[in-house]
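Number 395 marks the last residue of the sequence shown (my numbering); no jumps. Even glycine gets a Cβ: it sits at the ideal position worked out from N, Cα and C. Computed from a prediction, not measured in an experiment: that's the story for all the values here. One structure is given below, encoded as structure tokens.
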Amino acid sequence: MRVACTWDDTKCLKTLMEEHTSSTIHFRTKLLLAALQMQSSLCLQDLGQLYYKPLRDSQGTVVISTINYVKSPKSVSVLNSRWLPMNKVFKKAVLSEESSISDVLMASIQDQINYHQVSSLKLGRGLYLAYLKMQSSVDMIQLVVSTKTPNMLPHCKVRDNPHVSAEEWQYLKQQHLPDVLDNASELQRNFLELVTSAAKRLFNYMDISNEDANTHRLYDTEVIELTDEVSFIVICPSAEFSCAVPGQREILLQRGDLISLPIQVFEMIHLNTYQSTIVQKYCKLSCLLELDAATASHLHREAFSNSEVVIAKERLARLQDLQTKLETLWKSVRWLADVIAFARDRNIGSILMRHVLEKEVGVSTSPKRDLLQLPPPKVIKSTPGRGS
């Protein structure tokens with residue numbers, strides 16, 4: 008996934024990886040070789056975005072698919088191939104257990120294109136209320152997202168102003184106190200009304216009953232600021248129900264308008280949407296540092312004389328220090344890790360949503376207003392903000 012953010016460095020990374028003999032790096036080298044061959048055969052450097060899941064058939068064949076929008080067909084050189092109209096490609100295919108990987112691939116083209124089109128769209132300016140729900144399997148944890156906005160948690164808009172004042176935030180965090188309403192200002196009451204209204208619409212969209220909604224929690228550590236234009240507050244279920252385990256029946260996971268994305272996939276498309284410059288630089292630097300550190304570690308093990316050991320040890324220490332600093336910077340952008348830790352912690356104190364939902368709401372809003380809104384066609388340019 009990191010390479011997909013820095014296709015221009017494919018050749019350089021492959022050359023560096025060929026110097027190593029470990030099985031893990033050998034497999035990565037094979038992947039890079041396949042990417043280089045694809046770039047060469049298409050005369051196209053940017054292979055696009057990775058599809059969120061590999062495609063498989065009953066024979067165990069696996070295809071890693073990338074999707075890209077090409078402005079001009081002439082910019083792609085495809086020998087022994089031709090362009091087809093969309094209506095011929097989108098023929099409905101009936102798949103069975105015996106379907107070949109080519110059938111599986113063709114049947115998924117519509118879904119892949121739809122995913123590519125919506126996974127880089129930014130939300131419009133405003134403050135949002137987002138819903139965190141996880142699903143675990145044997146080897147990964149996934150997040151439930153909308154098919155219309157897979158790069159963002161399911162959400163409802165609170166208001167157009169993305170900024171939350173200290174006065175508003177403090178008031179929201181005090182909703183469990185019995186006399187909090189007596190000392191509230193008009194600004195604070197209006198903010199609470201908007202949050203309450205958005206929460207009810209969000210719970211309605213997620214098919215969560217009033218009884219279950221009351222047990223949900225507000226992530227009160229911070230308002231997550233993606234950019235100067237977009238920020239959001241997170242709601243999550245109680246710790247016992249924050250993550251669906253294998254075999255657990257979940258209505259949310261059976262809906263066609265919701266899908267589950269691996270955490271790493273969600274983070275990558277989410278951050279690449281709102282903080283693309285940071286993501287691209289991180290992907291390039293982390294790949295290079297990882298390879299350099301592997302080389303330094305190998306040289307350190309092979310060092311013979313005292314001077315060789317000292318030099319190799321110093322170089323390895325410098326590279327490891329750079330890796331630590333890079334990961335610290337990367338962690339400051341990755342708000343999701345903190346939210347997930349909060350959601351799964353059974354001991355941490357938090358604000359139950361019943362304290363928010365039981366308040367009187369004076370703002371008149373339609374139940375369907377601002378549900379999972381797509382941004383306007385015009386792309387909103389904004390400065391990357393701190394995520395965590």
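How would you label residue i, buried or exposed, when you count the other beta carbons within 10 angstroms and need 16 or more for buried?
i	result
TYR281	buried
SER371	Caution is warranted here: a pLDDT of 39 is assigned to SER371, below 50, making its placement in the model unreliable, and the coordinate value is therefore given only provisionally. Classification of SER371: exposed, given that the 10 Å Cβ count is below 16.
PHE349	buried
TRP90	exposed
LEU184	exposed
SER373	Because SER373 sits at a pLDDT of 40, beneath the cut-off of 50, its placement in the model cannot be relied upon, and the following sentence gives the value as read from the coordinates. Burial call: exposed.
LYS388	Its pLDDT being 39, under 50, LYS388 is placed unreliably in this model, and the coordinates cannot settle the point.
HIS223	buried
SER172	exposed
GLN56	buried
HIS33	exposed
GLN124	exposed
SER312	exposed
ILE355	exposed
ILE215	buried
VAL145	exposed
Going by CA-CA distance only, name the one from the options that's closest to residue i.
i	options	result
ASN279	LEU209, LYS129 and VAL85	LYS129
TYR135	MET360, ILE215 and HIS162	HIS162
THR425	VAL272, THR22, GLN181 and SER47	The chain is shown only over 8 to 395; residue 425 falls outside these bounds and no answer can be derived.
ALA137	ARG196, THR203 and TYR76	THR203
ALA11	LYS78, GLN46, ASP110 and ILE148	GLN46
VAL340	LEU194, GLU175 and TYR289	TYR289
TYR133	SER106, GLU104 and ARG166	Correcting the residue identity first, residue 133 is Gly in this sequence and not Tyr. It is ARG166.
GLN142	PRO253, ASN221, ILE258 and SER293	PRO253
GLU247	SER106, ARG351 and LEU336	ARG351
LEU201	LEU343, TRP176 and PRO244	TRP176
GLU218	MET113, ASP235, SER245 and ILE285	SER245
LEU265	VAL152, LEU43 and SER106	VAL152
THR13	GLU174, LEU179, THR284 and ARG361	THR284
THR234	VAL316, SER216, HIS277 and LEU209	HIS277
Residue i and residue j: beta carbons closer than 7 Å?
i	j	result
HIS305	ALA319	no
SER238	PRO169	yes
VAL69	PRO61	yes
VAL111	ASP64	yes
VAL346	GLN182	no
VAL230	LEU139	no
GLN149	SER30	no
VAL97	GLN117	According to the sequence provided, residue 97 is Phe. The question's Val does not apply to it. Contact: yes.
SER72	TYR58	yes
HIS27	ALA301	yes
LEU296	LEU260	no
ASN221	ARG361	yes
Starting from residue i, trace the alpha helix (DSSP H) both ways and give me its first and last residue.
i	result
VAL272	270-281
MET93	93-96
VAL316	313-340
CYS19	17-24
ARG196	193-212
VAL125	116-125
MET141	It is not in any alpha helix (DSSP H) - MET141 instead sits in the beta strand (DSSP E) that spans 141-143.
Go to residue i, then tell me how far its beta strand (DSSP E) extends in each direction, as first and last residue.
i	result
LEU134	133-138
PHE239	237-243
LEU150	148-153
Below 6 Å, is the gap between the Cβ of residue i and the nearest heavy atom of the ligand HEM?
i	result
GLN46	Although the ligand HEM was asked about, the structure shown includes no ligands whatsoever.
- [ ] Mind the definition here: the region 154-161 touches the region 257-273 only if three or more C-beta pairs lie below 8 Å; say whether that holds.
- [x] yes
- [ ] Determine, using beta-carbon pairs with one atom in the region 323-343 and one in the region 46-55, whether at least three such pairs fall under 8 Å.
- [x] no
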